[in-house]
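Asker:
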Amino acid sequence: MGLINVKVYRPRPSILIKVFGVCFFYFFVTGTSVFAQTADSVKAGINTNFIGKVSSDFYTGDQNYINRRKIQVDSVFLDDDKNAITLFFNKALAEMPFSKESVESIHDSITKYLPTHLQDRNLTIVSAGVDIEDLVPNYYRSRLDQEKKRLTQESPEDRINVVQPQRSYTITSGLQNSNIALWNSHGWYYEPKLNRWEWQRARLFTTVEDILPTALVTPYIAPMLENAGANVFIPRERDWQKNEVIVDNNGSTGKSKFKRPRKRTGDVRGFAIENQPYVDENPFELGTSVGFESLNRKTNCATYIPDFANSGDYSVYVSYGKGDGEVLYRVHHSGGVSDFKVDQSMGFGTWIYLGTFHFKQGRDKNAAKVQLIAESGKPQKISADAVRFGGGMGVIERNGNTSGRARYFEGARYNLQFSGAPDTLVWKLNDNNDYKDDYMCRGEWVNWLMGAPTGPEKNRMYPGLNIPIDMAFAFHTDAGILPDDEIVGTLGIYSTDRDTEVFANGQSKFASRDLTDLIQTQIVNDINLIYQCNWTRRGMWNSQYSEAYRPQVPTMLLELLSHQNLNDVKYMLHPKFRFDVSRAVYKGMLRFLSTQNGSEYVVQPLPVDHLSSEIVGENSARLSWKPVLDKTEPGAIPEKYIVYQRIGDNGFDNGTLVDETTILLSNLEKGKVYGLKVTAVNAGGESFPSEIISLAIAESSKGKALILNGFDRVDAPEIFVSDTLSGVLRQLDNGVADGFDISTTGNQYDFDRNSPWIDDDSPGHGASFADLETTIFRGNTFDFSYTHGKSLLAAGFSFVTCSDEAIEDVNFSNFDVLDCLFGEEKTSYLPGNDSTSYFEIYSEKILKALEKYAQNGGNILISGAYIGSDIPKNKTDEKRIGELLKFKWRTDHATKKGQFYAVSDEFDFRGEFNTDYIMEQYPVEAADGIEPYNEEGQTLFRYEENNISAGVFYNGAYKVISLGFPFECVKGEKQRDELMKKIIGRFTIKADKQTAK
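The sequence shown begins at 1 in the numbering used here and counts up one residue at a time.
(1) From T30 to V42, what does the alpha carbon distance come to, in whole angstroms?
(2) Going by other Cβ atoms of all chains shown within 10 Å of its Cβ, with 16 needed for buried, is P483 buried or exposed?
(3) Run through the region 233–262 for me and flag every whole beta strand (DSSP E) of 3 or more residues, listed as ranges in chain order.
(4) Nearest-angstrom Cα distance between G868 and K886?
(5) With a threshold of 16 other CB atoms inside 10 Å of the CB of A230, please say whether the residue is buried or exposed.
(6) Between G1004 and H332, is the Cβ-Cβ spacing less than 8 angstroms?
(7) Using CA coordinates, which residue listed in K193, G796, E237 is at the minimum distance from I211?
(8) Would you mind working out which of L194, P213, G377 sits nearest D741, comparing C-alpha positions?
(9) Residues in the same chain with beta-carbon distance under 8 angstroms from A39, minus the five sequence neighbours each way, listed in chain order, please.
(10) According to the neighbour-count rule (16 or more other Cβ atoms, all chains shown, within 10 Å of its Cβ), is F24 buried or exposed?
(11) Can you tell me whether A222 is helix, strand or coil according to DSSP?
(12) Which runs of the beta strand (DSSP E), 3 residues or longer, sit entirely within the region 854–911?
(13) With a threshold of 8 angstroms on Cβ separation, who are the neighbours of L175 within its own chain once the five nearest residues in sequence on each side are excluded?
(14) Measuring alpha carbon to alpha carbon, tell me which of N366, G266, E285, A272 ends up nearest P306.
(15) On the DSSP bridge list, what partners appear for L665?
(16) Fully enclosed by the region 300–367, which alpha helix (DSSP H) runs are 4 residues long or longer?
(17) Taking a contact to mean a Cβ-Cβ separation below 8 angstroms, would you say Q899 touches E920 in this structure?
(18) Pull up the distance between the alpha-carbon of K242 and that of V279, whole angstroms please.
(19) Out of A412, V714, E699, which one is the CA nearest neighbour of W183?
(20) Of all the options T891, G882, N947, G675, which has the alpha carbon lying nearest to the alpha carbon of E936?
(21) Please report the distance separating the alpha-carbon of N811 from that of R778.
(22) So what's R388 in DSSP terms, helix, strand or just coil?
(23) Check whether chain D comes within 8 angstroms of G929, counting only Cβ atoms and requiring the distance to be less than that.
(24) Who are the near neighbours of D877 in its chain, counting only those whose CB is closer than 6 angstroms to its CB and skipping five residues on each side?
(25) Shortest alpha-carbon distance to V327 belongs to which of K149, G291, L372, G362?
(26) Do you know how far the Cα of V602 is from the Cα of P156?
(27) Whose C-alpha, out of N466, T496, P634, F503, is nearest the C-alpha of D526?
(28) My guess is that S998 and K677 are in contact by the Cβ rule of under 8 angstroms, so how many angstroms apart are they, rounded?
(29) Just list the beta strand (DSSP E) runs in the region 681–714, keeping only unbroken ones of 3 residues or longer that don't cross its boundaries, in chain order.
(30) Below 8 angstroms, can you find three or more Cβ-Cβ pairs linking the region 565–583 to the region 110–130?
(31) Determine the burial state of E699: buried for a count of at least 16 other Cβ atoms within 10 Å of its Cβ, exposed for fewer.
(32) When you compare only the Cα positions, how much space is there between E501 and S508?
(33) Could you pull the DSSP bridge partners for A412 from this structure?
(34) For C820, does the three-state DSSP call read helix, strand or coil?
(35) Within the chosen definition, does the region 341–355 reach the region 459–467 through at least 3 CB pairs nearer than 8 angstroms?
(36) Can you tell me whether G727 is buried or exposed, with buried defined as 16 or more other CB within 10 angstroms of its CB?
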């Protein structure tokens, strides 16, 4: 958080002039002060009645608005001629949300506090210097009734994006042409007093504020905004890829190569890698950028060929000097080719993000490169500077040491230095104080992006980068502890008081209040609807926080909840809550910017589900799915869909746009695993992707397998509460991250609810270790059918995949093997008061499908960490499931090491599954011990450390192999392939005579 400067309340000048002008005229004519006669006594009487009254006492809406700031009247103006009275309240009243209806209600409520002889007067209520009627956001008003000064002052033709991805669809009612500045809290910084790098906040409840908002901003909020058509600018590094490759005319990483264009026009100042690590240097002043022109009849091109030390996903950033306008960047990656139009008249002299793509290890001039293309026949001056792949490590030095961490974890101040921002205007605003520089630089960075007349505070006319930023958003969590089950809740902060009430371009700063109100309202409404809780809405503070007042655009500083209050934290640690809050933030911004620009809006759809695939003929496959409707946003309806395809371990292509909920894929190559995912699109943009469905056609197929993907759980870690102890017990259940976990510091070690905060190194209750805070580890990437499928293919089987929702749409009898992938699926509940259970393994439709398949003599492989412990604890279900799958639960947390072995020399297999926090596989912290249900089954595997049964085999009229651990977490592809072959081999042996009866 930035620091607040306490300031004496001053009413809005327009109100003062109007009111006190009338007062002066009355005094001039009569020689008597209106206020001296009656106003003071009225004020005193009202404030006597207001003793103990707080802001929330006057709130009449349907949200749980809690604001304990006291209400009082600062002054009263009586106008006898107009039979009117104006009450000037302190800021507390203005901190609530207003609508036309609530304004009327507040007028009625406050009228009752007036002396009887004044209650029939026309009442005007002023708070924070504004008539509260004017605090109703423009969004809720008719177009004619909107306050025009709060609307954007830019003409439509000036609202353009720096980067325009070349899409297969057109966004017409989203955030197209919007440019949004967005940042995620604090970051790792150097503290000279202690001569160390440290977080700016304490490690609490297994996380820390410096990276907790990042878990919403980078995987959710930024992509949602970009999927709606916006360009998103983030002052911190957004890519957690530690590896970095830079290709530049002044020197490149490893064997990377820069191929110069023809018809060069000369070099100007630009980027160079040299002199790393940096102290105060600006790397965009250490080298040059290459100028060139388009050719008359041929394409002119600068080419960047990277050399990657490792395969993986890398963000791609381009840089350039100032050019004439739009150019084409073409990114060649393992999934294909992606084109971007970039306007070089904006965003020059810094890193401009294009997207994130998969690249293979090594250097390949055909399959991995970026081309800057000047199309022929278009006279144009173009600039080519460095291209960067990946986030990289921190390269800013303090007292002889860099941070030692990925740039992703560092504060904005260091990334802005690396990104070419001017020092004394943006990131070096204090003398040897990186802490202050960090929170002050974020707002000045926004102004630098725009430039004159809205440049940095020290020089508003600084030319900047000419990017028309529409709004800024600072995402934080707050401190504070409440007793019992209370929730601290959501606070919004904006600023109108600094210097003037308008931005440098003339727009009213009260546009920031509109933005704050819309986002805060959307967050609270959506949380209450989805989680059925009475989420706390705190006030909207009009305060001079650095991050709120510095940007010269409408800005909100969000304090979503308290990271110090366990009742808030249990929500924040849940991946679904992060997605839902992020979607609410996106929708609030969408509504605000649509109102600003006088345009219609449509909310982008939710991801599709009910995916299923089938092989058709010799070399074709069909994929089907169903749309998902949004109960919080009925208008978010899909119009079309995009099907993305991946071959083997490559990245995904640019997708195929389709009208229907099915697609036929032809000319599939045998022996290759295909990955498919689907997004939904409408006029507002594109949804997040579905789970990934894998399939393959074997060269000489020994049979067909169906992978039933039943692992769609995402969940928070275990939370426990007692009278004296409470906290987060990742040791029992680590939860399941959505994709990758990027915000865990380590396990909690202080569970004492009365343990006091001393300082950030000894923060008391909730204090947590730091051993995981630079470790990014896998959660549910919704892609484990690929792992299972590769092993099935290696065993000679063709296979397809269906999601568990679509199980009723699939004919199981067509398959020789049913591979039930349950990973870390188990019955779970959302935080809040929603009593609905989610992610149960043994739903009625799954049990019926398995029973039908078993009756037809099928072969079932079922694996997962909770396949035993998720059996409902009642005799009926235990019997039904036991008699079907032939195993029963014995214990959870059956192994710490994850090592297991086959009990039969005939099977002869030893293996190990992952229990560590790594990128490649998620950690299995609670594998099940399972035993044969009766004498019909036999133990197939045992855990090595304690000989608890880990797997069961039933060989009868149908066959079942059950593993109390996830197959996809077995270490090593060769080991998994061998295990799958042995399992398939068991399915082919003859049934035991006794069990086959």
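Glycine residues also receive a C-beta, built at the ideal position from the N, C-alpha and C atoms. Everything numeric in this text was worked out from a predicted model, so none of it was measured.
Answerer: According to the structure shown:
(1) Residue placement at T30 is poorly supported in this model, since its pLDDT is 39, which falls under 50; the coordinates still yield a value, given next. Their backbone Cα atoms lie some 21 angstroms apart in a straight line.
(2) exposed
(3) 245–247, 257–259
(4) 11 angstroms
(5) buried
(6) The structure shown does not extend to residue 1004, since the chain is modelled only from 1 to 997, so the question has no answer here.
(7) E237
(8) Cα-wise, what sits closest to D741 is P213.
(9) S75, V76, F77, L78
(10) Low confidence applies to F24: its pLDDT is 42, below 50, so where it sits in the model is not reliable, and the reading given next is rough at best. Classification of F24: exposed, given that the 10 Å Cβ count is below 16.
(11) helix
(12) 859–863, 887–891, 899–902
(13) So the list reads L225, A228, G229, A230, M589, L590, L593, G685, once near-sequence residues are dropped.
(14) N366
(15) A621
(16) The region 300–367 contains no complete alpha helix (DSSP H) run of 4 or more residues.
(17) It is not a contact, given that the beta carbons lie outside the stated cut-off.
(18) 21 angstroms
(19) A412
(20) G882
(21) 33 angstroms
(22) strand
(23) Among the chains in the structure shown there is no chain D, since it carries only a single protein chain.
(24) none
(25) It is L372.
(26) 19 angstroms
(27) P634
(28) With the chain covering only 1 through 997, there is no way to say anything about residue 998.
(29) 693–695, 703–709
(30) no
(31) exposed
(32) 6 angstroms
(33) DSSP output for A412 lists no bridge partner at all.
(34) strand
(35) Taking 8 angstroms as the limit for Cβ pairs, the verdict is that the region 459–467 does touch the region 341–355.
(36) buried
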